[in-house]
Amino acid sequence: MGRYVLRRTGAAIATLIAASIVIFAFIHLIPGDPVYVMLGDGATPEQVARLRNRLGLDEPLVFQYLIWAGSALQGDLGQSIFFETPVTQVIAEGAETSILLAVITMFWIVAFGVPVGILAAIRQGTWIDQGLSGLAMLLASVPTFWVGLYLILIFAAGLGWFPSSGFPSVFDDGGLYNLRYLILPSLALAAPNAALILRLTRASMLDVAREDYVRTARAKGIPPYRVVLRHILRNALLAVVSAFGFTFAALISEAVVTETVFALPGIGRTVVQSILRRDYPVIQGVILVIVCLYLIINLLVDLSYRFLDPRVELE
Amino acid sequence: MLNVDNLVVSLRNGPQILRGVSFGIEPGEILALVGESGSGKSMTSLALMGLLPPALAITGGTVSLGGTEITHLAPHQRVRRNCGKVAMVFQEPMTSLNPVLRIGEQIGEAVRVHDPDAVPADRAKELLDMVRIPDAAHQLSAYPHELSGGMRQRVMIAIALACRPQILIADEPTTALDVTVQRQVLGLIRDLCDRLGVGVLFITHDLGVVAQMAERVAVMYAGMLVERADVGPLFRAPLHPYTAGLMACLPDPESDDPLLATIPGAAPRAGAVPDGCPFAPRCVRAASRCRSGALPLVHGGEGHSARCHFPLTAAASA
């Protein structure tokens, strides 16, 4: 067990280092000099050189990387060129919205995707299954922003049940009640992913149901619901759990669009705006943080896998 | 005790897979069911268990155990109605145990259903001892992948015994095992049958195993029982040409011929079974009347019968 954790963690760190090199490098390969963008066309060569020097852009690339990576390890992701505040602060401002949005979205995905997938599998071939599978197909194939716009149209503009945009912090007036601002965005974000998890749960359940050991379980004469829960679902979830890691990656990119549609002050929107402003340090910092989160979540998925499937130890 | 009468199994809205199978098994007796792959042996066992896949259904005949009809009951319904029990050891021990549950849990689960008063862990250990798994107390906490094929098949037998069956079906229980392990598992089944008085339906395509294990034999071809007999008479004087063909295929250590004998042609697939005798297209004795109509039941002595127009032994009479 200890060795398994070590190996997995080592692999995650190696991935992180490789990713950090890519993150650092590609931003310098994109045309468009941030110094000119910041100073405007009328800047004198002296002004340009001074700013370049201040930002460390005149050092060789290797040094730039080492300096950047070294400070990143100490929690310093540099200064935003646009805001002229630490990048960590820029990220922290968007973090509350994005984290809460992700948590609520994951809740919908697990709470709807898995049980409805089970229901569809148990009722395979009936109109319940066909209805649910068709709905899942529909939700998985429409873009998030479109779902978002329709949710706003119906539940915000039409029925007035939920606010349509923005998100005051839960630490402001209203407290946890402010979470209602995140209901529609999280539903929009959850819809395609819950649909995928639903379909995966259903397919995985049907796969496992054909296994020999499920027949053995039935042959024992235990009640059918126990065969489903203890033998089919338990094994079917192995595939579903490993999909959560990928779902998270999809969430991140879809969150950018969703935060824009619902005007949420989250990290996704920060990235988009920073790209338009060519605010390199912010872009690098945010992507680095996202990569770290992604690696941590997948590491947790791998480790939980070890508890769900005793065979993993052998591999 | 177990009585199978004219059992018919069909694909839903489709052809018959089993076409009127009848046999009986007494306590402590081993009946071998012999036939090629696809002859319907495994379908017979799944039908007896109440575990036919959804695409198949029993469309005729009855299965009764100790006088109670259990034809259309799934295993959990048999438990609820407290009728006689049929348990089964499957062919493939490597995939027949749940990979994520410990052995003790998988046995205990059956104990809880069939022996509500027993302590599951104690009974599970007792069962592992009974199937001669060394260090049983320790093995209860093992996962299936930690055990060898032979050990897993013993666990499967322990699970079957946990159901306190009157009839045990063993569906080619040793095909997937090494030869040395095969002998041990066969010996174990024989021993349990004698000690517990369980009736055994032993499914195999290996005539050598039949001679060693069974008291009586039923030969199956294309979903029909073509011959039934005690082991001795069947081997000495088979009535049906198909049975004789199977025996001719056994390798003869005395022979110099490097080629093994075979029966020409292939068994018909379900749905493409010819009229009349299903074996006629491959049979050297077949004549025109074999190719349509019902087949006569011919007898060759005490409990020995076959369905054939031209049985091999002259003494046979319709």
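These protein sequences, in sequence, are chains A and B. The working numbering runs 436 ahead of the 1-based position in the first sequence. The working numbering runs 590 ahead of the 1-based position in the second sequence. Ideal Cβ positions, reconstructed from N, Cα and C, are used throughout, including at glycine.
Buried/exposed call for residue i, threshold 16 Cβ in 10 Å
i	result
glycine 657/A	buried
leucine 608/B	buried
proline 843/B	exposed
glutamate 659/B	exposed
tryptophan 597/A	exposed
tryptophan 582/A	exposed
valine 441/A	exposed
methionine 810/B	buried
leucine 454/A	The sequence shown places alanine at residue 454/A, not leucine. Result: exposed.
tyrosine 617/A	buried
valine 539/A	exposed
asparagine 489/A	exposed
glutamine 510/A	exposed
histidine 830/B	buried
Identity of the residue in the options nearest residue i by Cα
i	options	result
aspartate 643/A	Leu620/A, Arg670/A and Val606/A	Arg670/A
lysine 631/B	Cys880/B, Glu619/B and Val816/B	Val816/B
alanine 622/B	Pro841/B, Leu840/B, Leu791/B and His830/B	Leu791/B
glutamate 647/A	Asp608/A, Leu625/A, Leu724/A and Ala672/A	Ala672/A
leucine 840/B	Gly798/B, Arg875/B and Pro831/B	Gly798/B
valine 663/A	Ile554/A, Leu513/A and Gly549/A	Ile554/A
valine 526/A	Gly702/A, Leu735/A and Val539/A	Gly702/A
proline 864/B	Leu592/B, Ser686/B and Gln606/B	Gln606/B
alanine 647/B	Ala708/B, Asp781/B and Val599/B	Val599/B
phenylalanine 613/B	His795/B, Gly789/B and Pro854/B	Gly789/B
proline 858/B	Ala664/B, Val703/B and Gly625/B	Gly625/B
alanine 711/B	Ile697/B, Asp595/B and Met720/B	Ile697/B
Length of the line joining the Cα atoms of residue i and residue j
i	j	result
proline 746/A	leucine 632/A	26 Å
glycine 740/B	threonine 764/B	8 Å
glutamine 709/A	leucine 537/A	19 Å
serine 895/B	aspartate 565/A	50 Å
isoleucine 732/A	alanine 448/A	8 Å
leucine 750/A	tyrosine 741/A	Its pLDDT being 48, under 50, leucine 750/A is placed unreliably in this model, and the coordinates cannot settle the point.
leucine 597/B	threonine 652/B	6 Å
alanine 677/B	arginine 651/A	12 Å
aspartate 820/B	glycine 561/A	46 Å
arginine 806/B	leucine 737/B	33 Å
asparagine 688/B	valine 745/B	12 Å
threonine 685/B	alanine 812/B	27 Å
glutamate 762/B	glycine 883/B	33 Å
leucine 641/B	glutamine 681/B	15 Å
leucine 758/B	leucine 717/B	15 Å
valine 498/A	alanine 699/A	38 Å
isoleucine 749/B	isoleucine 688/A	48 Å
phenylalanine 869/B	leucine 850/B	21 Å
threonine 566/B	glycine 835/B	With chain B covering only 591 through 908, there is no way to say anything about residue 566/B.
aspartate 512/A	phenylalanine 460/A	15 Å
Chain-ordered neighbours of residue i on chain B, where CB pairs are closer than 9 Å
i	result
leucine 670/A	First, the residue type needs correcting, since residue 670/A is arginine and not leucine in the sequence shown. In chain order: Asn688, Val690 and Leu691.
tyrosine 741/A	In chain order: nothing, as chain B lies at least about 11 Å away.
aspartate 565/A	Per Cβ cutoff of 9 Å: no residues; aspartate 565/A is ~14 Å from chain B at best.
Chain-ordered chain A contacts of residue i [CB-CB under 9 Å]
i	result
alanine 711/B	Under the 9 Å cutoff, chain A gives no residues; its nearest Cβ is about 16 Å from alanine 711/B.
phenylalanine 900/B	In chain order: nothing, as chain A lies at least about 40 Å away.
isoleucine 749/B	Thr652, Ala655 and Lys656
cysteine 753/B	Ala655, Lys656 and Gly657
Neighbour list for residue i in chain A, Cβ cutoff strictly below 7 Å
i	result
glutamate 616/B	Here the premise fails: no neighbours, minimum Cβ distance about 23 Å.
threonine 764/B	Ordered by position in chain A, no residue passes the 7 Å Cβ test against threonine 764/B, which lies about 16 Å from the chain.
methionine 678/B	Ala655
histidine 728/B	Within chain A, no residue comes near histidine 728/B; the closest Cβ sits about 16 Å away, beyond 7 Å.
valine 721/B	Going along chain A, no residue has its Cβ under 7 Å from valine 721/B, so there is no contact; the nearest lies around 15 Å.
valine 669/B	Gly657
Bridge-paired residues (DSSP) for residue i
i	result
proline 522/A	Gln515/A
valine 809/B	Val624/B and Glu817/B
leucine 887/B	Arg897/B
alanine 760/B	Val679/B and Phe792/B
asparagine 593/B	Gly614/B and Ser654/B
glutamine 606/B	Ser600/B
alanine 647/B	Ser600/B
glutamate 659/B	Ser654/B
Contacts of residue i in chain B (Cβ-Cβ under 7 Å)
i	result
proline 660/A	His666
histidine 667/A	Asn688
Cross-chain neighbours of residue i in chain B, by beta carbon under 8 Å
i	result
arginine 488/A	In chain order: nothing, as chain B lies at least about 59 Å away.
arginine 654/A	Leu641, Ala664, Pro665 and His666
Where residue i meets chain A, residues with beta-carbon distance less than 8 Å
i	result
threonine 685/B	Glu647, Asp648 and Tyr649
tyrosine 733/B	Pro746 and Arg747
alanine 700/B	Lys656, Gly657 and Ile658
glutamate 682/B	Asp648
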